[in-house]
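Chemist: Before anything else, here's the structure in question.
Number of protein chains: 2
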Amino acid sequence: MKRIRIIAAYDGTDYCGWQVQPNGITVEEVINRTLSGLLGENIRIIGASRTDSGVHALGNVAVFDTETRIPPERISYALNQRLPEDIVIVRSEEVPADWHPRYRSCMKTYEYHILNANVPDPTRRRNTCFVSYPLNLGDMRRAAGFLIGTHDFASFCNIRTSVEDTVRTIYELEIFERDFCGAGSRQDSREITIRIRGNGFLYNMVRIIAGTLLRVGRGFYTPEQVEEILEAKNRQAAGVTAPPQGLVLVGIEYL
Amino acid sequence: MKRIRIIAAYDGTDYCGWQVQPNGITVEEVINRTLSGLLGENIRIIGASRTDSGVHALGNVAVFDTETRIPPERISYALNQRLPEDIVIVRSEEVPADWHPRYRSCMKTYEYHILNANVPDPTRRRNTCFVSYPLNLGDMRRAAGFLIGTHDFASFCNIRTSVEDTVRTIYELEIFERDFCGAGSRQDSREITIRIRGNGFLYNMVRIIAGTLLRVGRGFYTPEQVEEILEAKNRQAAGVTAPPQGLVLVGIEYL
């Protein structure tokens, strides 16, 4: 029996999130089914991050146990032949039998992508949040500064959660922009990325942070109000949850 | 009777190209049907560029004639309420009754997007061409230099065309790169854009140029061989047609 770790990338648009559930098809379910068919065993993977419906990943992590004689690093190739094109296994490798993707300290990196333009771009609708109003990035960056560090993020947590300890550490929260295309009809268009690294995130935490920073960028909150929102420890103090399609789990580093 | 010009952006992934045809649903057909429903008239638009199946646009141009009393610049808003989310009308405006999107001199800008990385990215599969081998951008830029200017591009034209005059002028052919994401698991990934501006393009011309430059980047052709390919005036001399999903019609400027 071997334990195999896989790194999964996926376009979450057409899935009801990662975790198996009765209402629709999920990424976990498709990987389980494909792995089981490939290996001739009943495989149930254990994932690191249960991403929401419509959220993407470049590097989610999962493990499973198998008796297969396929070399561990070849499993990703064999799987990619059978998976639909919106799921790609980036890597597969053997890990110790007690290695677990959730009960370990790690650093997760997420990005939230915003298309800030006059007109929506249908070619980017699946992986950006479209925002037509002007955004003040200087204010957004000042507001972000209040969130970096170890805090009780209760204000930035969906209330539908059973988690009791809402203290987390954000190591990095950067906001940067780049011009999109740069040519022709789209000179007024830019893509803004909120990149956030931390030792763990509460339910919807990145999307609530993104929604709150968008309110700051629009001038609805001052940067200083974000410190007050944090201190309120109350979900109702913060901004709306930004839509899922802008969010991507970039990767998880285990420490 | 008024003539209205519309600027259309679309994700071409799920369409059999622009032009109405019997084998599948097209962008033109969806716009015709939606406009006809909106205006209560039988509308047949005339498009500037008949983009291929899977090719995208940020600024294709089309016109139609109507008796409607909806103000011309409001038609885009009303249309966008009814169109599927992969087609967006960027602008609508009245033009002179004899204004025709094809029989006029214009400058078209296309971009061809390449994801150059070790592993495919499922979130970008719909609008990039994935290339896993290393690319020499210096060689690609030198090769591109031979294509700029007025030439007979017969080597870069799909033979299934009735066009007799294969002389065209390329004003700009730039190749630039940017790092993608820049964080986490994707440090080895970059997006390469081939941007090309000209007074008109032959059938599949941009995709054959992209396919040929990719061969140069890989070292299969020297940059100088591209001059020979041009002089051969024979489609078989050039590289393969690059796949459609990397291509986007950025815009059309009328002179």
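Protein sequence lines correspond, in order, to chains W and S. Mapping to this note's numbering: the first sequence position 145 is 145, numbers consecutive. To convert, count from 1 in the second sequence and add 255; that's this note's numbering. Yeah, the Cβ is synthetic: ideal placement off N, Cα and C, and Gly gets one too.
With 16 other CB atoms within 10 Å as the buried threshold, where does F201(W) fall?
Modeler: Mapped onto the first sequence, residue 201(W) falls at position 201. Classification for F201(W): buried.
Chemist: Using three-state DSSP, classify Y513(S) as helix, strand or coil.
Modeler: The structure shown does not extend to residue 513(S), since chain S is modelled only from 256 to 510, so the question has no answer here.
Chemist: Indicate whether at least one CB of chain W lies closer than 8 Å to the CB of N329(S).
Modeler: Locating residue 329(S) in the second sequence gives position 74, where the first residue counts as 1. Note that residue 329(S) is Arg in the sequence shown here, rather than Asn. False, the Cβ-Cβ gap to chain W never drops below 8 Å.
Chemist: If you measure between the beta carbons of E111(W) and R190(W), is that distance less than 8 Å?
Modeler: One-based indexing of the first sequence puts residue 111(W) at position 111. One-based indexing of the first sequence puts residue 190(W) at position 190. Cβ atoms of E111(W) and R190(W): not closer than 8 Å.
Chemist: In angstroms, rounded to a whole number, what distance separates the CA positions of P478(S) and K488(S)?
Modeler: Position 223 of the second sequence, counting from 1, holds the residue named residue 478(S). Position 233 of the second sequence, counting from 1, holds the residue named residue 488(S). For P478(S) and K488(S), the distance between alpha carbons rounds to 17 Å.
Chemist: Are the CB atoms of V503(S) and H368(S) within a distance shorter than 8 Å?
Modeler: The residue given as residue 368(S) occupies position 113 in the second sequence. The residue given as residue 503(S) occupies position 248 in the second sequence. Their beta carbons are under 8 Å apart, which means H368(S) touches V503(S) by this criterion.
Chemist: Between the beta-carbon of P499(S) and the beta-carbon of E85(W), is there less than 8 Å?
Modeler: Here the question's residue 499(S) lines up with position 244 in the second sequence. Here the question's residue 85(W) lines up with position 85 in the first sequence. Not a contact, by the Cβ cut-off of 8 Å.
Chemist: Taking any Cβ of chain S, which residues in the segment 83–113 of chain W have a Cβ under 7 Å from it, in chain order?
Modeler: The residues in question are E85, D86, I87, V88, V90, T109, E111.
Chemist: Answer with buried or exposed for E486(S), where buried requires no fewer than 16 other C-beta atoms within 10 angstroms of its C-beta.
Modeler: Taking the first residue of the second sequence as position 1, residue 486(S) is located at position 231. Result: exposed.
Chemist: With 8 Å set as the bound, which would you pick, yes or no: does the beta-carbon of T378(S) sit closer than that to a beta-carbon of chain W?
Modeler: Position 123 of the second sequence holds residue 378(S). Answer yes: the Cβ-Cβ gap between T378(S) and chain W drops below 8 Å somewhere.
Chemist: Hey, out of L147(W), E73(W), V206(W), whose CA is closest to D52(W)'s CA?
Modeler: Reading the first sequence from its first residue, position 52 is the one you call residue 52(W). Of L147(W), E73(W), V206(W), the residue nearest in Cα terms is V206(W).
Chemist: On the premise that V63(W) lies in contact with I45(W), defined as a C-beta separation below 8 Å, what is that separation, rounded to the nearest angstrom?
Modeler: Here residue 45(W) refers to the residue found at position 45 when the first sequence is read from its first residue. Here residue 63(W) refers to the residue found at position 63 when the first sequence is read from its first residue. With 8 Å as the limit, I45(W) and V63(W) qualify as a contact, their Cβ atoms being about 7 Å apart.
Chemist: Return the chain-ordered list of same chain residues with a C-beta closer than 8 Å to the C-beta of M256(S), the five sequence neighbours on each side being excluded.
Modeler: The residue you call residue 256(S) lines up with position 1 of the second sequence. Taken in chain order, the residues that qualify are D320, T321, E322, A352.
Chemist: Give, in chain order, every unbroken run of the alpha helix (DSSP H) that is at least 4 residues long and sits entirely within the segment 321–356 of chain S.
Modeler: If we require 4 residues or more, the alpha helix (DSSP H) runs fully inside the segment 321–356 of chain S come out as 330–337.
Chemist: Does any residue of chain W have a CB that is nearer than 8 Å to the CB of N382(S)?
Modeler: In the second sequence, residue 382(S) corresponds to position 127, counting from 1. For N382(S), the answer is yes, since a Cβ of chain W falls inside 8 Å of its Cβ.
Chemist: Kindly say whether L510(S), judged by its beta-carbon, lies nearer than 8 Å to any beta-carbon of chain W.
Modeler: Your numbering for residue 510(S) matches position 255 in the second sequence. By this cut-off, L510(S) is not an interface position.
Chemist: Sorted by chain position, which residues of the same chain lie with C-beta nearer than 6 Å to L428(S)'s C-beta, five sequence neighbours on each side aside?
Modeler: Position 173 of the second sequence, counted from the first residue, corresponds to residue 428(S). Excluding sequence neighbours, L428(S) sits near A399, L402, I403, I451.
Chemist: Going by C-alpha to C-alpha distance, which of R324(S), E283(S), A264(S), P375(S) sits closest to A8(W)?
Modeler: Within the first sequence, residue 8(W) is the residue found at index 8, counting from 1. Of the candidates R324(S), E283(S), A264(S), P375(S), the one whose C-alpha sits nearest the C-alpha of A8(W) is P375(S).
Chemist: In its own chain, which residues sit with a C-beta less than 7 Å from the C-beta of V250(W), not counting the 5 before and 5 after it?
Modeler: As a first step, residue 250(W) is located in the first sequence; it is residue number 250 there, counting from the start. So the qualifying residues of the chain are L58, G59, T109, Y110, E111.
Chemist: Could you pull out every residue in the same chain whose Cβ sits closer than 6 Å to the Cβ of L35(W), ignoring the five residues on either side in sequence?
Modeler: As a position in the first sequence, residue 35(W) is number 35, starting the count at 1. Excluding residues within five positions, the ones whose Cβ falls inside 6 Å are I43.
Chemist: Which chain S residues are close to Y10(W), counting only those with a beta carbon under 7 Å from its beta carbon?
Modeler: Locating residue 10(W) in the first sequence gives position 10, where the first residue counts as 1. Result: P377.
Chemist: Which residue marks the beginning of the beta strand (DSSP E) containing I45(W), and which one marks its end?
Modeler: Indexing the first sequence from 1 puts residue 45(W) at position 45. Where I45(W) is concerned, there is no enclosing beta strand (DSSP E), given that its DSSP letter is neither H nor E.
Chemist: Relative to the C-alpha of I159(W), which candidate in Y171(W), I208(W), R125(W) has its C-alpha closest?
Modeler: Position 159 of the first sequence holds residue 159(W). The candidate whose alpha carbon is nearest that of I159(W) is I208(W).
Chemist: Can you give me the Cβ contacts of I16(W) inside the same chain, cut-off strictly under 7 Å, excluding the 5 residues immediately before and after it?
Modeler: Position 16 of the first sequence holds residue 16(W). With the sequence shown as reference, residue 16(W) is identified as Cys, and Ile is not the correct amino acid for it. Excluding sequence neighbours, C16(W) sits near N23, G24, I25, T26, S53.
Chemist: What residues from chain S crowd round V63(W), counting only those whose CB sits closer than 9 Å?
Modeler: As a first step, residue 63(W) must be located in the first sequence, where it is residue number 63. Going along chain S, no residue has its Cβ under 9 Å from V63(W), so there is no contact; the nearest lies around 17 Å.
Chemist: Counting only beta-carbon atoms, is R433(S) nearer than 8 Å to chain W?
Modeler: Residue 433(S) sits at position 178 when you count from the first residue of the second sequence. It does; some Cβ of chain W falls within 8 Å.
Chemist: Locate the alpha helix (DSSP H) running through D139(W), then write down its first and last residues.
Modeler: Counted from its first residue, the first sequence places residue 139(W) at position 139. First-last of the alpha helix (DSSP H) with D139(W): 137–147.
Chemist: If we count the other Cβ atoms within 10 Å of its Cβ and call it buried at 16 or more, is V481(S) buried or exposed?
Modeler: What you label residue 481(S) is simply residue 226 of the second sequence in a count that begins at 1. Per the 10 Å Cβ criterion, buried.
Chemist: Could you tell me which of G219(W), W99(W), V163(W) sits nearest to R3(W), measuring between CA atoms?
Modeler: Residue numbering aside, residue 3(W) sits at position 3 when the first sequence is read from its first letter. Per the Cα distances, W99(W).
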